[in-house]
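Colleague: Just so you know, my numbering puts the end of the sequence shown at 716, numbered straight through with nothing missing. All residues carry an ideal CB built from backbone N, CA and C; glycine is no exception.
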Amino acid sequence: MARKPHVVVTRKLPERIETRMRELFDAHLNIDDEPHSPAALAAAMAEAEVLVPTVTDRIDAALIEAAGPQLKLIANFGTGTDNIDVDAAHKRGIVVTNTPGVLTEDTADMTMALILSVSRRVVAGAGVIPSGEWNGWAPTFMLGSRLTGKRLGIVGMGRIGQAVARRAKAFGLSIHYHNRRRLAAEVEEGLEATYWDSLDQMLARTDIVSVNCPHTPATYHLLSARRLKLMRPEAILVNTARGEIIDEAALTRMLEADEIAGAGLDVFEHEPAVPNKLVRLARAGKVTLLPHMGSATEEGRLEMGEKVLVNIRAFVDGHRPPDRVLPSML
(Lines of atoms letter the chains of each structure in order from A; the text may use other names.)
(Lines give C-alpha, C1' and ligand atoms only; values in the text may rest on other atoms or scores of the structure.)
Protein backbone atom coordinates (compact mmCIF):
# COMPACT_ATOMS: atom_id res chain seq x y z
CA MET A 387 0.00 0.00 0.00
CA ALA A 388 1.27 3.47 -0.90
CA ARG A 389 2.10 5.77 1.99
CA LYS A 390 -0.68 8.17 2.89
CA PRO A 391 0.27 11.87 2.72
CA HIS A 392 0.37 13.78 6.00
CA VAL A 393 -2.52 16.28 5.99
CA VAL A 394 -3.00 18.91 8.71
CA VAL A 395 -6.49 20.41 9.07
CA THR A 396 -6.59 23.68 11.00
CA ARG A 397 -10.27 23.75 12.08
CA LYS A 398 -12.99 21.23 12.88
CA LEU A 399 -14.83 20.15 9.73
CA PRO A 400 -18.14 18.27 9.29
CA GLU A 401 -17.89 14.77 10.73
CA ARG A 402 -18.44 13.07 7.39
CA ILE A 403 -15.52 15.00 5.87
CA GLU A 404 -13.22 14.31 8.82
CA THR A 405 -14.02 10.59 8.58
CA ARG A 406 -13.05 10.56 4.89
CA MET A 407 -9.89 12.51 5.72
CA ARG A 408 -8.90 9.77 8.16
CA GLU A 409 -9.68 7.04 5.64
CA LEU A 410 -7.78 8.58 2.75
CA PHE A 411 -4.86 10.37 4.39
CA ASP A 412 -2.64 10.49 7.44
CA ALA A 413 -4.82 13.30 8.78
CA HIS A 414 -4.16 15.43 11.84
CA LEU A 415 -7.53 16.94 12.81
CA ASN A 416 -8.40 19.87 15.06
CA ILE A 417 -10.91 18.17 17.35
CA ASP A 418 -11.19 21.13 19.74
CA ASP A 419 -11.71 23.64 16.89
CA GLU A 420 -9.27 26.05 18.52
CA PRO A 421 -8.02 28.55 15.89
CA HIS A 422 -4.32 28.19 15.11
CA SER A 423 -1.99 30.91 16.30
CA PRO A 424 0.76 32.01 13.89
CA ALA A 425 3.17 29.80 15.85
CA ALA A 426 0.84 26.81 15.56
CA LEU A 427 0.43 27.44 11.83
CA ALA A 428 4.19 27.60 11.43
CA ALA A 429 4.54 24.28 13.28
CA ALA A 430 1.86 22.68 11.09
CA MET A 431 3.54 23.93 7.91
CA ALA A 432 6.86 22.54 9.10
CA GLU A 433 5.47 18.99 9.14
CA ALA A 434 2.50 18.83 6.77
CA GLU A 435 2.65 17.70 3.17
CA VAL A 436 -0.83 19.13 2.69
CA LEU A 437 -2.29 21.96 4.75
CA VAL A 438 -6.06 22.47 4.92
CA PRO A 439 -6.63 25.99 6.30
CA THR A 440 -9.75 28.15 6.50
CA VAL A 441 -10.53 31.84 6.08
CA THR A 442 -9.47 32.48 9.70
CA ASP A 443 -5.89 31.34 9.00
CA ARG A 444 -3.64 34.12 7.69
CA ILE A 445 -0.93 32.40 5.69
CA ASP A 446 1.42 35.19 4.68
CA ALA A 447 4.71 35.21 2.80
CA ALA A 448 6.76 34.81 5.98
CA LEU A 449 4.92 31.63 6.98
CA ILE A 450 5.22 30.23 3.47
CA GLU A 451 8.93 31.04 3.31
CA ALA A 452 9.47 29.21 6.62
CA ALA A 453 7.44 26.15 5.59
CA GLY A 454 9.15 22.80 5.36
CA PRO A 455 10.19 21.51 1.92
CA GLN A 456 7.65 18.69 2.21
CA LEU A 457 4.68 21.12 2.04
CA LYS A 458 3.43 20.89 -1.53
CA LEU A 459 -0.29 21.73 -1.34
CA ILE A 460 -2.44 24.26 0.53
CA ALA A 461 -6.03 23.09 0.03
CA ASN A 462 -8.08 25.99 1.36
CA PHE A 463 -11.46 25.19 2.92
CA GLY A 464 -13.08 28.29 1.48
CA THR A 465 -14.19 29.97 -1.70
CA GLY A 466 -11.71 32.82 -1.48
CA THR A 467 -7.96 32.72 -1.10
CA ASP A 468 -7.41 36.21 0.29
CA ASN A 469 -6.15 34.59 3.51
CA ILE A 470 -3.22 33.07 1.58
CA ASP A 471 -0.31 34.78 -0.18
CA VAL A 472 -0.84 32.86 -3.41
CA ASP A 473 2.07 34.57 -5.14
CA ALA A 474 4.52 33.56 -2.38
CA ALA A 475 3.21 29.99 -2.46
CA HIS A 476 3.58 29.84 -6.24
CA LYS A 477 7.20 30.99 -6.00
CA ARG A 478 7.90 28.19 -3.49
CA GLY A 479 6.29 25.63 -5.78
CA ILE A 480 3.35 25.12 -3.42
CA VAL A 481 0.01 24.53 -5.13
CA VAL A 482 -3.01 26.41 -3.74
CA THR A 483 -6.62 25.28 -4.23
CA ASN A 484 -10.00 26.56 -3.05
CA THR A 485 -13.65 25.48 -3.07
CA PRO A 486 -15.49 27.70 -5.59
CA GLY A 487 -19.09 27.54 -6.68
CA VAL A 488 -20.63 25.62 -3.78
CA LEU A 489 -21.69 28.58 -1.63
CA THR A 490 -23.32 30.74 -4.29
CA GLU A 491 -26.95 30.06 -3.43
CA ASP A 492 -26.40 30.12 0.34
CA THR A 493 -24.63 33.48 0.26
CA ALA A 494 -27.22 34.94 -2.10
CA ASP A 495 -29.99 33.80 0.25
CA MET A 496 -28.31 35.57 3.16
CA THR A 497 -27.79 38.70 1.09
CA MET A 498 -31.52 38.90 0.43
CA ALA A 499 -32.20 38.15 4.09
CA LEU A 500 -30.09 41.15 5.10
CA ILE A 501 -31.70 43.38 2.49
CA LEU A 502 -35.12 42.45 3.87
CA SER A 503 -33.97 42.71 7.47
CA VAL A 504 -32.58 46.22 7.12
CA SER A 505 -35.33 47.53 4.83
CA ARG A 506 -38.19 46.16 6.94
CA ARG A 507 -36.47 46.46 10.37
CA VAL A 508 -36.90 42.74 11.03
CA VAL A 509 -34.29 42.40 13.79
CA ALA A 510 -35.49 45.49 15.66
CA GLY A 511 -39.09 44.33 15.36
CA ALA A 512 -38.26 40.82 16.56
CA GLY A 513 -37.01 42.28 19.83
CA VAL A 514 -40.11 44.33 20.66
CA ILE A 515 -42.42 41.59 21.94
CA PRO A 516 -39.81 39.71 24.05
CA SER A 517 -38.86 43.04 25.66
CA GLY A 518 -42.49 43.64 26.68
CA GLU A 519 -42.58 46.98 24.87
CA TRP A 520 -45.40 46.24 22.41
CA ASN A 521 -48.71 47.97 23.09
CA GLY A 522 -50.41 46.96 19.86
CA TRP A 523 -50.54 48.09 16.26
CA ALA A 524 -50.13 51.77 15.41
CA PRO A 525 -50.04 53.56 12.03
CA THR A 526 -46.51 54.92 12.47
CA PHE A 527 -44.95 52.05 14.43
CA MET A 528 -41.83 50.24 13.07
CA LEU A 529 -42.04 51.77 9.61
CA GLY A 530 -39.55 50.39 7.13
CA SER A 531 -39.02 50.77 3.41
CA ARG A 532 -40.74 48.93 0.53
CA LEU A 533 -38.50 46.89 -1.78
CA THR A 534 -40.66 46.86 -4.92
CA GLY A 535 -39.61 49.57 -7.32
CA LYS A 536 -36.29 50.29 -5.63
CA ARG A 537 -32.92 50.17 -7.41
CA LEU A 538 -30.40 47.56 -6.28
CA GLY A 539 -26.75 48.20 -7.13
CA ILE A 540 -24.61 45.04 -7.07
CA VAL A 541 -20.87 45.51 -6.68
CA GLY A 542 -19.37 42.40 -8.26
CA MET A 543 -21.49 40.43 -10.73
CA GLY A 544 -19.91 37.00 -10.52
CA ARG A 545 -21.79 33.84 -9.54
CA ILE A 546 -23.03 35.26 -6.24
CA GLY A 547 -23.89 38.66 -7.64
CA GLN A 548 -25.97 37.06 -10.38
CA ALA A 549 -27.72 34.80 -7.86
CA VAL A 550 -28.57 37.89 -5.80
CA ALA A 551 -29.90 39.59 -8.94
CA ARG A 552 -32.22 36.66 -9.70
CA ARG A 553 -33.68 36.79 -6.20
CA ALA A 554 -33.94 40.57 -6.11
CA LYS A 555 -35.72 40.63 -9.45
CA ALA A 556 -38.45 38.42 -7.96
CA PHE A 557 -38.93 41.04 -5.21
CA GLY A 558 -39.55 43.74 -7.80
CA LEU A 559 -36.17 45.41 -7.51
CA SER A 560 -34.53 47.07 -10.50
CA ILE A 561 -31.10 45.50 -11.06
CA HIS A 562 -27.97 47.60 -11.58
CA TYR A 563 -24.39 46.38 -11.40
CA HIS A 564 -20.72 47.31 -11.56
CA ASN A 565 -18.16 44.68 -12.47
CA ARG A 566 -14.61 44.47 -13.81
CA ARG A 567 -16.05 43.11 -17.03
CA ARG A 568 -19.49 43.62 -18.47
CA LEU A 569 -21.67 40.51 -18.61
CA ALA A 570 -22.50 38.86 -21.90
CA ALA A 571 -25.50 40.51 -23.54
CA GLU A 572 -27.72 37.45 -23.14
CA VAL A 573 -26.92 37.17 -19.39
CA GLU A 574 -27.49 40.88 -18.86
CA GLU A 575 -30.77 40.69 -20.75
CA GLY A 576 -31.94 37.65 -18.77
CA LEU A 577 -31.33 39.48 -15.48
CA GLU A 578 -32.75 42.73 -16.87
CA ALA A 579 -29.63 44.34 -15.43
CA THR A 580 -28.19 47.77 -16.16
CA TYR A 581 -24.40 47.97 -16.35
CA TRP A 582 -22.46 50.89 -14.89
CA ASP A 583 -18.82 51.22 -15.86
CA SER A 584 -18.54 53.93 -13.19
CA LEU A 585 -18.98 52.64 -9.65
CA ASP A 586 -19.24 56.22 -8.40
CA GLN A 587 -22.22 56.95 -10.62
CA MET A 588 -24.01 53.74 -9.67
CA LEU A 589 -23.58 54.37 -5.93
CA ALA A 590 -25.16 57.80 -6.30
CA ARG A 591 -28.23 56.44 -8.08
CA THR A 592 -29.23 53.27 -6.23
CA ASP A 593 -31.36 52.68 -3.13
CA ILE A 594 -29.66 49.47 -1.97
CA VAL A 595 -26.01 48.53 -2.48
CA SER A 596 -24.94 44.90 -2.16
CA VAL A 597 -21.23 44.04 -2.01
CA ASN A 598 -20.56 40.69 -3.70
CA CYS A 599 -17.04 41.02 -5.12
CA PRO A 600 -13.95 39.11 -3.89
CA HIS A 601 -11.37 40.72 -1.64
CA THR A 602 -8.17 41.38 -3.59
CA PRO A 603 -5.56 44.15 -3.37
CA ALA A 604 -7.61 46.00 -5.99
CA THR A 605 -10.84 45.82 -3.96
CA TYR A 606 -9.41 46.76 -0.56
CA HIS A 607 -11.54 49.71 0.63
CA LEU A 608 -13.21 49.78 -2.78
CA LEU A 609 -16.05 51.44 -0.93
CA SER A 610 -13.86 54.15 0.54
CA ALA A 611 -15.00 57.10 2.65
CA ARG A 612 -15.27 59.17 -0.53
CA ARG A 613 -17.39 56.58 -2.32
CA LEU A 614 -19.63 55.93 0.67
CA LYS A 615 -20.39 59.66 0.76
CA LEU A 616 -21.84 59.33 -2.76
CA MET A 617 -24.66 57.12 -1.48
CA ARG A 618 -28.05 58.66 -0.91
CA PRO A 619 -29.14 59.33 2.71
CA GLU A 620 -32.09 56.96 2.20
CA ALA A 621 -29.89 54.15 0.87
CA ILE A 622 -28.81 50.99 2.67
CA LEU A 623 -25.62 48.94 2.31
CA VAL A 624 -25.30 45.16 2.61
CA ASN A 625 -22.02 43.22 2.70
CA THR A 626 -21.78 39.43 2.57
CA ALA A 627 -18.40 39.36 0.78
CA ARG A 628 -15.39 40.51 2.82
CA GLY A 629 -15.14 43.22 5.45
CA GLU A 630 -11.98 44.71 3.98
CA ILE A 631 -13.85 45.89 0.89
CA ILE A 632 -15.56 48.65 2.91
CA ASP A 633 -13.92 51.39 4.94
CA GLU A 634 -15.61 50.24 8.13
CA ALA A 635 -14.68 53.30 10.19
CA ALA A 636 -16.12 55.64 7.54
CA LEU A 637 -19.32 53.61 7.31
CA THR A 638 -19.69 53.71 11.08
CA ARG A 639 -19.34 57.49 11.12
CA MET A 640 -22.00 57.83 8.42
CA LEU A 641 -24.42 55.57 10.32
CA GLU A 642 -23.85 57.58 13.50
CA ALA A 643 -24.54 60.82 11.62
CA ASP A 644 -27.64 59.43 9.83
CA GLU A 645 -25.93 60.04 6.50
CA ILE A 646 -27.04 56.59 5.37
CA ALA A 647 -30.30 54.84 6.30
CA GLY A 648 -28.87 51.53 7.44
CA ALA A 649 -26.53 48.62 6.82
CA GLY A 650 -26.49 44.84 7.04
CA LEU A 651 -23.06 43.35 7.65
CA ASP A 652 -22.14 39.68 7.77
CA VAL A 653 -18.40 40.36 7.53
CA PHE A 654 -16.04 42.81 9.21
CA GLU A 655 -12.74 44.44 8.45
CA HIS A 656 -10.86 42.99 11.43
CA GLU A 657 -12.71 39.76 12.20
CA PRO A 658 -13.53 38.49 14.73
CA ALA A 659 -13.24 41.96 16.27
CA VAL A 660 -16.30 44.15 15.76
CA PRO A 661 -16.00 47.83 16.76
CA ASN A 662 -17.96 48.84 19.85
CA LYS A 663 -19.50 51.70 17.90
CA LEU A 664 -21.03 49.25 15.41
CA VAL A 665 -22.35 47.12 18.27
CA ARG A 666 -23.99 50.19 19.83
CA LEU A 667 -25.53 51.08 16.45
CA ALA A 668 -26.90 47.53 16.21
CA ARG A 669 -28.51 47.89 19.64
CA ALA A 670 -30.04 51.14 18.44
CA GLY A 671 -31.50 49.36 15.40
CA LYS A 672 -29.42 51.23 12.81
CA VAL A 673 -27.44 48.25 11.58
CA THR A 674 -27.88 44.48 11.44
CA LEU A 675 -24.76 42.51 12.35
CA LEU A 676 -24.34 38.78 11.66
CA PRO A 677 -21.38 36.58 12.70
CA HIS A 678 -20.05 35.69 9.22
CA MET A 679 -22.78 33.13 8.61
CA GLY A 680 -23.67 33.89 4.99
CA SER A 681 -22.48 30.51 3.76
CA ALA A 682 -23.31 28.57 6.92
CA THR A 683 -25.49 25.72 5.73
CA GLU A 684 -24.89 22.03 6.36
CA GLU A 685 -25.10 21.34 2.64
CA GLY A 686 -22.60 24.05 1.78
CA ARG A 687 -20.02 22.96 4.33
CA LEU A 688 -20.23 19.34 3.16
CA GLU A 689 -19.80 20.38 -0.46
CA MET A 690 -16.79 22.51 0.51
CA GLY A 691 -15.25 19.54 2.28
CA GLU A 692 -15.86 17.26 -0.67
CA LYS A 693 -14.08 19.72 -2.96
CA VAL A 694 -11.10 19.79 -0.58
CA LEU A 695 -10.97 15.97 -0.69
CA VAL A 696 -11.11 15.92 -4.50
CA ASN A 697 -8.36 18.53 -4.79
CA ILE A 698 -6.07 16.60 -2.43
CA ARG A 699 -6.73 13.26 -4.11
CA ALA A 700 -6.10 14.69 -7.57
CA PHE A 701 -2.83 16.26 -6.43
CA VAL A 702 -1.62 13.14 -4.62
CA ASP A 703 -2.43 11.04 -7.69
CA GLY A 704 -0.27 13.31 -9.85
CA HIS A 705 -3.08 15.21 -11.54
CA ARG A 706 -3.84 18.92 -11.69
CA PRO A 707 -6.35 19.73 -8.91
CA PRO A 708 -9.62 20.97 -10.45
CA ASP A 709 -9.70 24.08 -8.26
CA ARG A 710 -6.09 25.25 -8.49
CA VAL A 711 -5.60 28.99 -7.93
CA LEU A 712 -2.80 30.84 -9.76
CA PRO A 713 -1.56 34.38 -9.10
CA SER A 714 -2.69 35.37 -12.60
CA MET A 715 -6.27 34.51 -11.66
CA LEU A 716 -6.42 37.03 -8.82
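How far does the alpha helix (DSSP H) with D473 in it reach, from first residue to last?
Modeller: Locating residue 473 in the sequence shown gives position 87, counting from the first residue. Element bounds for D473: 472-477.
Colleague: Can you give the beta carbon distance from V660 to L675, rounded, assuming they're within the 8 angstroms contact cut?
Modeller: In the sequence shown, the residue the question calls residue 660 occupies position 274. In the sequence shown, the residue the question calls residue 675 occupies position 289. Confirmed, about 7 angstroms.
Colleague: Less than 6 angstroms between C-beta atoms, sequence neighbours within five positions excluded: which residues of the same chain meet that for S560?
Modeller: Numbered from its first residue, the sequence shown carries residue 560 at position 174. When the five nearest sequence neighbours on each side are left out, the beta carbons in the same chain lying within less than 6 angstroms of the beta carbon of S560 are those of R537, in order along the chain.
Colleague: Grab me the residues of A475's own chain with a C-beta within less than 7 angstroms of its C-beta, minus the 5 sequence neighbours each way, in chain order.
Modeller: For the purposes of this step, residue 475 is taken as the residue at position 89 of the sequence shown. Same-chain partners within the cutoff: I450, I460, V482.
Colleague: Give me the Cβ distance between F527 and M690, rounded to the nearest whole Å; I'm assuming they're in contact under 8 angstroms.
Modeller: Within the sequence shown, the letter at position 141 stands for residue 527. Within the sequence shown, the letter at position 304 stands for residue 690. 42 angstroms between Cβ atoms; not a contact.
Colleague: If you draw a straight line from the C-alpha of H562 to the C-alpha of K458, how long is it?
Modeller: As a working mapping, residue 562 is identified with position 176 in the sequence shown. As a working mapping, residue 458 is identified with position 72 in the sequence shown. Roughly 42 angstroms separates the two Cα atoms.
Colleague: Does DSSP put A499 in a helix, in a strand, or in coil?
Modeller: Residue 499 sits at position 113 when you count from the first residue of the sequence shown. Helix at A499.
Colleague: Could you pull the start and end residues of the beta strand (DSSP E) that R537 belongs to?
Modeller: By one-based count along the sequence shown, residue 537 stands at place 151. 537-541 is the span of the beta strand (DSSP E), which, as asked, contains R537.
Colleague: Could you give the distance in angstroms between the alpha-carbon of S584 and the alpha-carbon of D446?
Modeller: Against the sequence shown, residue 584 aligns to sequence position 198. Against the sequence shown, residue 446 aligns to sequence position 60. The alpha-carbon atoms of S584 and D446 are separated by roughly 33 angstroms.
Colleague: Could you tell me whether the stretch 421-438 touches the stretch 395-407, using the rule of 3 or more Cβ pairs below 8 angstroms?
Modeller: yes
Colleague: In chain order, which continuous runs of the beta strand (DSSP E) of length 3 or greater are located wholly inside the stretch 583-639?
Modeller: 594-597, 622-625
Colleague: As a quick exercise: from I632, R402, L500, pick the residue whose alpha carbon is nearest that of P677.
Modeller: To locate residue 677, count along the sequence shown from 1; it is residue 291. Nearest option by C-alpha distance: L500.
Colleague: Nearest-angstrom Cα distance between E692 and I403?
Modeller: Numbered from its first residue, the sequence shown carries residue 692 at position 306. Numbered from its first residue, the sequence shown carries residue 403 at position 17. Their backbone Cα atoms lie some 7 angstroms apart in a straight line.
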